[in-house]
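Counting in the UniProt record's numbering, the sequence shown runs from 1 upward without gaps. Each remark here refers to the structure printed beneath this line.
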Amino acid sequence: MSATSIKIDFTLNGERVSADVEPHHTILEVLRQQFALYGARESCGQGLCGCCTVIVNGESVSGCLYLAAMVDGGEVSTVENLEADGELDVVQQAFIECGAFQCGFCTSGFILMSRELLERNPDPSEAEIRHFLSGNLCRCAAYPEIIEAVKLAAQMRKSATPGVPA
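Here it is in structure tokens:
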């Protein structure tokens, strides 16, 4: 701990944790360096590509820009937290079934953003999917498969929800 570092406490993927951070450290740096969570990746370093997406207090943020000190007392979720009881999240499963990735570098950001979209809008149109995911970039151009994966995930969520027609 240096003279300028501060200790932050937050919930990370459901577990209370602490970290010593410098004022300029981003949450992405802290997740990767102090907690060995590598799902979120830095690509553009400007918050324009979505590869570094993490969820802070229920909202997606660009981890490469979001200062770690700002999560003190808050809650952070990463793509590593989606699996439950050995089962993939429906969005993860849909991405696999649709082959919605090539190199996989951008996949975690797309998955987290897709989950947020489906939480807000359980039955989005293709135009709504494209608009919501427009801040995420895939260099391999797997966009058609990503769109199909989000549609499939929406269907899977509907059929898994009691009382909601499939």
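All C-beta atoms, glycine included, are put in the ideal place defined by N, C-alpha and C. Computed from a predicted structure; not experimentally measured.
Coarse secondary structure for T107, derived from DSSP in three states: The residue labelled residue 107 in the question sits at position 107 within the sequence shown. DSSP places T107 in helix when its eight states are reduced to three.
Evaluate the contact criterion for the stretch 96-114 versus the stretch 51-59: three or more CB pairs, one atom per stretch, below 8 Å. yes
Classify G39 as buried or exposed, calling it buried when 16 or more other Cβ atoms lie within 10 Å of its own Cβ. The sequence position of residue 39 within the sequence shown is 39, counting from 1. Buried: at least 16 other Cβ atoms inside 10 Å.
Less than 8 Å between the CB atoms is what I'm expecting for P122 and K158, so what's the real figure, rounded? Start at 1 with the first residue of the sequence shown, and residue 122 comes out as number 122. Start at 1 with the first residue of the sequence shown, and residue 158 comes out as number 158. At roughly 7 Å, the Cβ-Cβ gap stays under 8 Å, so P122 and K158 are in contact.
Test item: CB-CB of C138 and C106 under 7 Å: For the purposes of this step, residue 138 is taken as the residue at position 138 of the sequence shown. For the purposes of this step, residue 106 is taken as the residue at position 106 of the sequence shown. In this structure, C106 lies closer than 7 Å to C138 by Cβ.
Near D10, which residues of its chain fall below 7 Å by C-beta distance, leaving aside the five closest residues on each side in sequence? If you number the sequence shown from 1, residue 10 lands on position 10. Rather than Asp, the amino acid found at residue 10 in this sequence is Phe. V17, V71, D72, G73, G74, E75, V76, listed in sequence order.
Tell whether a beta-carbon distance below 7 Å holds between E29 and S5. Taking the sequence shown and counting its residues from 1, one reaches residue 29 at position 29. Taking the sequence shown and counting its residues from 1, one reaches residue 5 at position 5. Contact: no.
Close beta carbons around P165, own chain, < 7 Å, minus the five adjacent residues each side: Sequence index remark: in the sequence shown, residue 165 carries index 165 (1-based). Only weak support exists for where P165 lies, its pLDDT of 43 falling under 50; the value from the coordinates is given anyway. Same-chain partners within the cutoff: there are none.
Where in the stretch 107-155 do unbroken runs of the alpha helix (DSSP H), each at least 4 residues long, occur, reported from the N-terminal end onward? 107-120, 126-132
Straight-line CA distance for A84 to N13? Locating residue 84 in the sequence shown gives position 84, counting from the first residue. Locating residue 13 in the sequence shown gives position 13, counting from the first residue. So the alpha carbons of these two residues sit roughly 11 Å apart.
Looking only at C-alpha atoms, which of A142, S108, F101, V91 sits nearest to L118? Your numbering for residue 118 matches position 118 in the sequence shown. It is V91.
So C140 and C103 are in contact, right, with Cβ under 8 Å, and what is the actual spacing, rounded? Sequence index remark: in the sequence shown, residue 140 carries index 140 (1-based). Sequence index remark: in the sequence shown, residue 103 carries index 103 (1-based). About 5 Å; that satisfies the 8 Å criterion.
Could you spell out where the beta strand (DSSP E) holding V76 opens and where it closes? For the purposes of this step, residue 76 is taken as residue 76 along the sequence shown, with counting starting at 1. Looking at the DSSP string, the run of the beta strand (DSSP E) that includes V76 is 75-77.
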